Amino acid sequence: MIVAADEDGAMPTFTAADGTQLAYHVRGEGEPLLCLPGGPMRASAYLGDLGGLSRQRRLVMLDLRGSGDSGVPGDPGTYRCDRQVDDVEALRRHFGWERVDVLAHSASGDLAILYAARHPHRIRTLSLITARARALGVDFTGDHRREVVALRAAEPWWEAARAGYEAIWFGSPTDADFDAAAPFFYGRWDAATQAHFAAEPGQINEQAAEIYASAGAFDPAAAREAVAALAVPVLVLAGELDSGPRPHVGAGIAALFPHAELVTQAGAGHFPWLDDPARFTGVVADFLTRSRLRQFTQPALGGADAGWSHP
Numbered sequence: 019m020i021v022a023a024d025e026d027g028a029m030p031t032f033t034a035a036d037g038t039q040l041a042y043h044v045r046g047e048g049e050p051l052l053c054l055p056g057g058p059m060r061a062s063a064y065l066g067d068l069g070g071l072s073r074q075r076r077l078v079m080l081d082l083r084g085s086g087d088s089g090v091p092g093d094p095g096t097y098r099c100d101r102q103v104d105d106v107e108a109l110r111r112h113f114g115w116e117r118v119d120v121l122a123h124s125a126s127g128d129l130a131i132l133y134a135a136r137h138p139h140r141i142r143t144l145s146l147i148t149a150r151a152r153a154l155g156v157d158f159t160g161d162h163r164r165e166v167v168a169l170r171a172a173e174p175w176w177e178a179a180r181a182g183y184e185a186i187w188f189g190s191p192t193d194a195d196f197d198a199a200a201p202f203f204y205g206r207w208d209a210a211t212q213a214h215f216a217a218e219p220g221q222i223n224e225q226a227a228e229i230y231a232s233a234g235a236f237d238p239a240a241a242r243e244a245v246a247a248l249a250v251p252v253l254v255l256a257g258e259l260d261s262g263p264r265p266h267v268g269a270g271i272a273a274l275f276p277h278a279e280l281v282t283q284a285g286a287g288h289f290p291w292l293d294d295p296a297r298f299t300g301v302v303a304d305f306l307t308r309s310r311l312r313q314f315t316q317p318a319l320g321g322a323d324a325g326w327s328h329p
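Per the working numbering, residue 19 is the first one in the sequence shown, and the count goes up by one each step.
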């Protein structure tokens, strides 16, 4: 089942705490998996059905405020990552889930981490897919980016893409540089991934993206303390060919959680469900299935939502 709109043709929405109307998209059937898109601030459409994961789980994909089919907030400051935690919680309440499995891709790793820190009792599992963790004080360096340049040197597109990729991370990139460097973000560069990349400009809210990780969004020390007590299974999936995070950086992220595991997907870039759908869906589905067999009890923190609170 794919739910694209309500019976009257309107996109399913709910109301955020500040009154902004936010949209979500539902694909598949079964246990819900709340999916947060990256970008930052890219419409959830780019996630597709996550390589066929919708055949095993009901994917509930949130369009972050100001992106996709969601409304534009009156206060642009609410685009900041920490301020969008309330939107994730509003969606959980909208569905009435007591606890929910959360999957986050790329920049939304920060959002999912902050949600888990603030609402630890509302998370059943956390899947961080080629995800950022600036919320925990982890960032990706120039050396990490150059590791990938070296890894891809045998690719037929490498010479044309290398200069653009260098400009993105170490210079003043133009639109042409982003276009030229695109193959570095995918494990394979074919018609499907080229179409995926071509759709990006129309899916990004650039103003919101600039605000997303702005000053005040993160308090790494407090977030690390909070997730150190997170008693839920965490999957950190890194792409072998991705620069953010590199697998060894992913291992460092996983080490900050008490019940985390790292999986490196061979041959994958930043969008692993496109590079090898069967491998990706197998890893995530297996993690979710195994996690249901584990019994973790969240330490008493003074109430159902008494996790760390970031101003």
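We put the CB at the ideal spot given by N, CA and C, even for glycine.
Because the structure is a prediction, the values reported are computed rather than measured.
Please list, in chain order, all residues of the same chain as residue i whose beta carbon is under 8 angstroms from its beta carbon, the five residues on each side excluded.
{"i": "L303", "result": "In the sequence as displayed, the identity of residue 303 is Ala instead of Leu. Excluding sequence neighbours, A303 sits near L71, Q74 and R75."}
{"i": "E279", "result": "P251, V252, L253, V254, A272 and F305"}
{"i": "A178", "result": "A198"}
{"i": "D81", "result": "L40, A41, Y42, H43, P55, A61, S62, D87 and S88"}
Just verifying my parser: in three-state terms, what is the DSSP assignment at residue i?
{"i": "T211", "result": "helix"}
{"i": "Y42", "result": "strand"}
{"i": "A256", "result": "strand"}
{"i": "S85", "result": "coil"}
{"i": "E184", "result": "helix"}
{"i": "H123", "result": "strand"}
{"i": "E279", "result": "strand"}
{"i": "F203", "result": "helix"}
{"i": "R117", "result": "coil"}
{"i": "A151", "result": "strand"}
{"i": "S145", "result": "strand"}
{"i": "R76", "result": "strand"}
{"i": "R140", "result": "helix"}
Which same chain residues, not among the five before or five after residue i, have their C-beta less than 7 angstroms away from its C-beta?
{"i": "G84", "result": "M59, V90, P91, Y97, N223 and A226"}
{"i": "Y230", "result": "P58, M59, Y97, R98, C99 and A125"}
{"i": "A235", "result": "R98, C99 and D100"}
{"i": "R297", "result": "Q283"}
{"i": "G285", "result": "G205, E258, L259, D293 and D294"}
{"i": "F215", "result": "A200"}
Could you spell out the range, first to last residue, of the beta strand (DSSP E) harbouring residue i?
{"i": "D105", "result": "That residue, D105, is in no beta strand (DSSP E); its alpha helix (DSSP H) goes V103 to F113."}
{"i": "V302", "result": "Note, V302: premise wrong, no beta strand (DSSP E); alpha helix (DSSP H) at P295 to L311."}
{"i": "D128", "result": "Segment S126 to R136 is the alpha helix (DSSP H) holding D128; no beta strand (DSSP E) there."}
{"i": "I229", "result": "Segment E224 to Y230 is the alpha helix (DSSP H) holding I229; no beta strand (DSSP E) there."}
{"i": "P50", "result": "P50 to L54"}
Which two residues bound the contiguous alpha helix (DSSP H) that contains residue i?
{"i": "F196", "result": "D193 to A199"}
{"i": "R163", "result": "G160 to L169"}
{"i": "V267", "result": "P265 to A272"}
{"i": "R242", "result": "P238 to V245"}
Quick one: is residue i buried, meaning 16 or more other Cβ sit within 10 Å of its Cβ, or exposed?
{"i": "A272", "result": "buried"}
{"i": "S232", "result": "exposed"}
{"i": "S190", "result": "exposed"}
{"i": "H288", "result": "buried"}
Kindly list the residues whose CB is nearer than 6 angstroms to the CB of residue i, restricted to its own chain and excluding five residues on each side of it in sequence; keep chain order.
{"i": "I147", "result": "H123 and L255"}
{"i": "T299", "result": "G69, G70 and L71"}
Please find out if some non-hydrogen atom of the ligand FMN comes closer than 6 angstroms to the beta-carbon of residue i.
{"i": "R152", "result": "Summarising the ligand content, the structure contains no ligands, and the ligand FMN is consequently not present."}
*Touching or not, the stretch 38-55 and the stretch 112-125, by the rule of three or more beta carbon pairs under 8 angstroms?*
yes
*Quick one: any contact between the stretch 160-168 and the stretch 129-139, if contact means 3 or more CB pairs under 8 angstroms?*
no
*Okay, do the stretch 26-43 and the stretch 103-119 touch, 3+ Cβ pairs below 8 angstroms being the bar?*
yes
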